[in-house]
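**Student:** Below you'll find the structure I mean.
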Amino acid sequence: MGQAGCKGLCLSLFDYKTEKYVIAKNKKVGLLYRLLQASILAYLVVWVFLIKKGYQDVDTSLQSAVITKVKGVAFTNTSDLGQRIWDVADYVIPAQGENVFFVVTNLIVTPNQRQNVCAENEGIPDGACSKDSDCHPGEAVTAGNGVKTGRCLRRENLARGTCEIFAWCPLETSSRPEEPFLKEAEDFTIFIKNHIRFPKFNFSKSNVMDVKDRSFLKSCHFGPKNHYCPIFRLGSVIRWAGSDFQDIALEGGVIGINIEWNCDLDKAASECHPHYSFSRLDNKLSKSVSSGYNFRFARYYRDAAGVEFRTLMKAYGIRFDVMVNGKGAFFCDLVLIYLIKKREFYRDKKYEEVRGLEDSSQEAEDEASGLGLSEQLTSGPGLLGMPEQQELQEPPEAKRGSSCQKGNGSVCPQLLEPHRST
Numbered sequence: 012m013g014q015a016g017c018k019g020l021c022l023s024l025f026d027y028k029t030e031k032y033v034i035a036k037n038k039k040v041g042l043l044y045r046l047l048q049a050s051i052l053a054y055l056v057v058w059v060f061l062i063k064k065g066y067q068d069v070d071t072s073l074q075s076a077v078i079t080k081v082k083g084v085a086f087t088n089t090s091d092l093g094q095r096i097w098d099v100a101d102y103v104i105p106a107q108g109e110n111v112f113f114v115v116t117n118l119i120v121t122p123n124q125r126q127n128v129c130a131e132n133e134g135i136p137d138g139a140c141s142k143d144s145d146c147h148p149g150e151a152v153t154a155g156n157g158v159k160t161g162r163c164l165r166r167e168n169l170a171r172g173t174c175e176i177f178a179w180c181p182l183e184t185s186s187r188p189e190e191p192f193l194k195e196a197e198d199f200t201i202f203i204k205n206h207i208r209f210p211k212f213n214f215s216k217s218n219v220m221d222v223k224d225r226s227f228l229k230s231c232h233f234g235p236k237n238h239y240c241p242i243f244r245l246g247s248v249i250r251w252a253g254s255d256f257q258d259i260a261l262e263g264g265v266i267g268i269n270i271e272w273n274c275d276l277d278k279a280a281s282e283c284h285p286h287y288s289f290s291r292l293d294n295k296l297s298k299s300v301s302s303g304y305n306f307r308f309a310r311y312y313r314d315a316a317g318v319e320f321r322t323l324m325k326a327y328g329i330r331f332d333v334m335v336n337g338k339g340a341f342f343c344d345l346v347l348i349y350l351i352k353k354r355e356f357y358r359d360k361k362y363e364e365v366r367g368l369e370d371s372s373q374e375a376e377d378e379a380s381g382l383g384l385s386e387q388l389t390s391g392p393g394l395l396g397m398p399e400q401q402e403l404q405e406p407p408e409a410k411r412g413s414s415c416q417k418g419n420g421s422v423c424p425q426l427l428e429p430h431r432s433t
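The sequence shown begins at 12 in our numbering and counts up by one.
The structure is reproduced here in structure tokens:
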């Protein structure tokens, strides 16, 4: 039995199997089958091709450059600074106009600071003391303003005081204005110039209208019907981001300006438009000690005696982050290479034939040998030792053996040839 089973197994290796189809004459099953086919076809046509445009090639490696400019003037009159005009060089940091910039809206000014000794602020824990030994000389105050001198300064009838420090004195005041210092900043304008490029398709565009009239950018403003005038009113940007100018200008904040380029490059270049969106990036609902946005900077001077002093400014304001992203979609390579009339042109541009070193050497030898044979035929002795400039004529036997004969109605060239004298 085992031998018969092995023999049957070996013979089965040479069997041929084919499929058998049964056609069921059932309308319900046939209708269900056709509905399933129609559903799959509808999914491919509507969802994959029309909605998702699966036939397109997509480039997400967007290259972008952003240039920003802020314009506007503000006037202030304070006891610390007196009457003063603030222009873009005073309130915009940095001045060179990058994709991230800061507009000052509020200030705490501490004028005429000089390097001297004074008492540390009472709110600094490391600066508190009850005796001189608590203030180690030369030790910097943690999260403080200077270096300890070794003295503990106490007010009358108080057991505790603060260490004396060597610092820029007087120290910064902790009071904060109740309204924005530069209230006119709401009407400042922001110019955002953006150049983009999709390297895969070699497509470039800008968000500024290509016009030769220089006065265009001086009079236009961004709006729903004017997307190619990227000049924004600062207060409008804050409102579009869902914030109030008075609130964010008092303590500062971060606003995101997003430029989206989603271009269907099957259409004309004029159909590729930038889309803007605005959002508040810092946590505006949180009222923690770290809420808002601020930093310090100083301006230094020298008096008549050559002693250095400075004006310290704690600046609150709005930081703007301009972010650019997008994608470009183009008809897929399959159509360019195989379906359109100029497919050979696109195929030659897309594919480049690269030969190996051995193939290149063999090809060079073939070209060299062909060039040498050509030179022998044109400038050397005749072929097979025949004199130069001698014509190779057909043998008379071949002529007579040809189909051209007398009496057949055709004219034979050899009969018309004149006899040569001997």
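Glycine included, C-beta positions come from ideal geometry on N, C-alpha and C. Predicted model only: the values in this text are computed from it and were never measured.
Quick check: what's the CA-CA separation for asparagine 117 versus phenylalanine 306?
**Tutor:** Walking along the sequence shown from the start, residue 117 turns up at place 106. Walking along the sequence shown from the start, residue 306 turns up at place 295. Cα-Cα distance, rounded: 11 Å.
**Student:** In whole angstroms, give me the CA-to-CA distance for phenylalanine 202 and phenylalanine 209.
**Tutor:** Counted from its first residue, the sequence shown places residue 202 at position 191. Counted from its first residue, the sequence shown places residue 209 at position 198. Their Cα atoms are separated by approximately 23 Å.
**Student:** Across which residues does DSSP place arginine 291 in a beta bridge pair?
**Tutor:** Within the sequence shown, the letter at position 280 stands for residue 291. Paired residues: Ile266.
**Student:** Which residues does DSSP pair with tryptophan 251 in a beta bridge?
**Tutor:** Here residue 251 corresponds to residue number 240 of the sequence shown, with the count starting at 1. Answer is none; tryptophan 251 lacks a bridge partner.
**Student:** Give me whichever residues DSSP pairs with tryptophan 97 in a beta bridge.
**Tutor:** Taking the sequence shown and counting its residues from 1, the one referred to as residue 97 is at position 86. Bridge partners of tryptophan 97: Ala85.
**Student:** Can you have a look at lysine 28 and say buried or exposed, based on whether 16 or more other CB atoms are within 10 angstroms of its CB?
**Tutor:** Here residue 28 is taken as the residue at index 17 of the sequence shown, counted from 1. Its Cβ having fewer than 16 others within 10 Å, lysine 28 is exposed.
**Student:** Going by other Cβ atoms of all chains shown within 10 Å of its Cβ, with 16 needed for buried, is aspartate 293 buried or exposed?
**Tutor:** Taking the sequence shown and counting its residues from 1, the one referred to as residue 293 is at position 282. Classification for aspartate 293: buried.
**Student:** Taking the C-alpha atoms as reference points, what is the distance between cysteine 17 and phenylalanine 25?
**Tutor:** Counting from 1 along the sequence shown, the entry for residue 17 is found at position 6. Counting from 1 along the sequence shown, the entry for residue 25 is found at position 14. If you take the alpha carbons of cysteine 17 and phenylalanine 25, they lie about 14 Å apart.
**Student:** With a 10 Å radius around its C-beta and 16 neighbouring C-beta atoms as the bar for buried, classify alanine 151 as buried or exposed.
**Tutor:** Here residue 151 refers to the residue found at position 140 of the sequence shown. Its Cβ having fewer than 16 others within 10 Å, alanine 151 is exposed.
**Student:** Can you give me the Cβ contacts of phenylalanine 256 inside the same chain, cut-off strictly under 6 Å, excluding the 5 residues immediately before and after it?
**Tutor:** Here the question's residue 256 lines up with position 245 in the sequence shown. Answer for phenylalanine 256: Glu197, Gly246, Ile249, listed in chain order.
**Student:** Let's see if you can read the secondary structure: which residues bound the alpha helix (DSSP H) around arginine 45?
**Tutor:** Numbered from its first residue, the sequence shown carries residue 45 at position 34. Counting along the chain, the alpha helix (DSSP H) containing arginine 45 begins and ends at 38-53.
**Student:** Measuring CB to CB, does serine 288 end up less than 7 Å from asparagine 269?
**Tutor:** Residue 288 sits at position 277 when you count from the first residue of the sequence shown. Residue 269 sits at position 258 when you count from the first residue of the sequence shown. Against a cut-off of 7 Å, the Cβ pair of asparagine 269 and serine 288 comes out as a contact.
**Student:** Got a sec? Which residues, its chain only, sit under 6 Å from tryptophan 251 by beta carbon, not counting five neighbours each side?
**Tutor:** The residue you call residue 251 lines up with position 240 of the sequence shown. Around tryptophan 251: Phe289.
**Student:** State the DSSP-derived secondary structure class of aspartate 70, mapped to helix, strand or coil.
**Tutor:** As a working note, residue 70 is residue 59 in the sequence shown. Of the three classes helix, strand and coil, the one that applies to aspartate 70 here is strand, per DSSP.
**Student:** Would you call the CB atoms of cysteine 174 and asparagine 127 closer than 7 Å?
**Tutor:** On the sequence shown, position 163 is the one that residue 174 refers to. On the sequence shown, position 116 is the one that residue 127 refers to. No, the pair does not count as a contact, with Cβ atoms beyond the cut-off.
**Student:** Evaluate glycine 149 with the Cβ neighbour count: other Cβ atoms within 10 Å of its Cβ, from every protein chain shown; 16 or more gives buried, anything less gives exposed.
**Tutor:** By one-based count along the sequence shown, residue 149 stands at place 138. With fewer than 16 other Cβ atoms within 10 Å, it is exposed.
**Student:** Enumerate, from N- to C-terminal direction, the unbroken alpha helix (DSSP H) stretches of 4 or more residues contained entirely within the stretch 198-243.
**Tutor:** Whole alpha helix (DSSP H) segments, 4+ residues: 227-230.
**Student:** Please go through the same chain and pick out, in chain order, the residues whose beta-carbon is closer than 6 Å to the beta-carbon of serine 75, but skip the five residues on each side of it.
**Tutor:** What you label residue 75 is simply residue 64 of the sequence shown in a count that begins at 1. Closer than 6 Å at the Cβ level, and outside the excluded window around serine 75, lie Ile207, Val335.
**Student:** So, are the CB atoms of phenylalanine 243 and phenylalanine 227 less than 7 Å apart?
**Tutor:** The residue labelled residue 243 in the question sits at position 232 within the sequence shown. The residue labelled residue 227 in the question sits at position 216 within the sequence shown. It is not a contact, given that the beta carbons lie outside the stated cut-off.
**Student:** Terminal residues of the continuous beta strand (DSSP E) containing cysteine 283?
**Tutor:** To locate residue 283, count along the sequence shown from 1; it is residue 272. No beta strand (DSSP E) contains cysteine 283, which DSSP labels as neither H nor E.
**Student:** What separation, rounded to the nearest whole angstrom, lies between the Cα atoms of cysteine 224 and glycine 93?
**Tutor:** Here residue 224 corresponds to residue number 213 of the sequence shown, with the count starting at 1. Here residue 93 corresponds to residue number 82 of the sequence shown, with the count starting at 1. Here residue 224 is aspartate; the residue named in the question, cysteine, does not match the sequence. Whole-angstrom Cα-Cα distance: 41 Å.
**Student:** By alpha-carbon positions, which one of Val120, Ile96, Val81 ends up nearest to arginine 330?
**Tutor:** Start at 1 with the first residue of the sequence shown, and residue 330 comes out as number 319. Nearest C-alpha to arginine 330: Val81.
**Student:** Starting from threonine 121, trace the beta strand (DSSP E) both ways and give me its first and last residue.
**Tutor:** Locating residue 121 in the sequence shown gives position 110, where the first residue counts as 1. Per DSSP, threonine 121 belongs to the beta strand (DSSP E) from 111-130.
**Student:** Taking only the alpha-carbon atoms, compute the straight-line gap between glycine 301 and phenylalanine 212 and give it to the nearest angstrom.
**Tutor:** Locating residue 301 in the sequence shown gives position 290, counting from the first residue. Locating residue 212 in the sequence shown gives position 201, counting from the first residue. Residue identity differs from the one stated: residue 301 is serine in this sequence, not glycine. The straight-line gap from Cα to Cα measures roughly 46 Å.
**Student:** Looking at the secondary structure, which residues open and close the beta strand (DSSP E) in which tyrosine 311 lies?
**Tutor:** Within the sequence shown, residue 311 is the residue found at index 300, counting from 1. From DSSP, the beta strand (DSSP E) with tyrosine 311 extends over 305-313.
**Student:** Using a 10 Å radius around the Cβ and a threshold of 16 neighbouring Cβ atoms, would you call cysteine 163 buried or exposed?
**Tutor:** Residue mapping note: residue 163 aligns to position 152 of the sequence shown, counting from 1. That one is buried.
**Student:** Among the candidates Tyr312, Ala316, Gly328, whose CA atom is the shortest distance from the CA of threonine 322?
**Tutor:** Along the sequence shown, read from residue 1 onward, the residue named residue 322 stands at position 311. Measuring from the Cα of threonine 322, the nearest candidate turns out to be Tyr312.
**Student:** Would you please state the rounded distance, in angstroms, between the beta carbons of alanine 85 and tryptophan 97? I believe it to be under 8 Å.
**Tutor:** Locating residue 85 in the sequence shown gives position 74, where the first residue counts as 1. Locating residue 97 in the sequence shown gives position 86, where the first residue counts as 1. That belief holds up - the Cβ atoms of alanine 85 and tryptophan 97 are roughly 4 Å apart, short of 8 Å.
**Student:** If you follow the beta strand (DSSP E) that isoleucine 176 is part of, which residue opens it and which one closes it?
**Tutor:** Looking up residue 176 in the sequence shown gives position 165. Per DSSP, isoleucine 176 belongs to the beta strand (DSSP E) from 172-180.
**Student:** Can you tell me where the beta strand (DSSP E) holding glycine 161 begins and where it ends?
**Tutor:** For this step, residue 161 is matched to residue 150 along the sequence shown. Unbroken beta strand (DSSP E) run through glycine 161: 158-164.
**Student:** Under three-state DSSP, which class holds tyrosine 327?
**Tutor:** Position 316 of the sequence shown, counting from 1, holds the residue named residue 327. Three-state DSSP puts tyrosine 327 in a strand.
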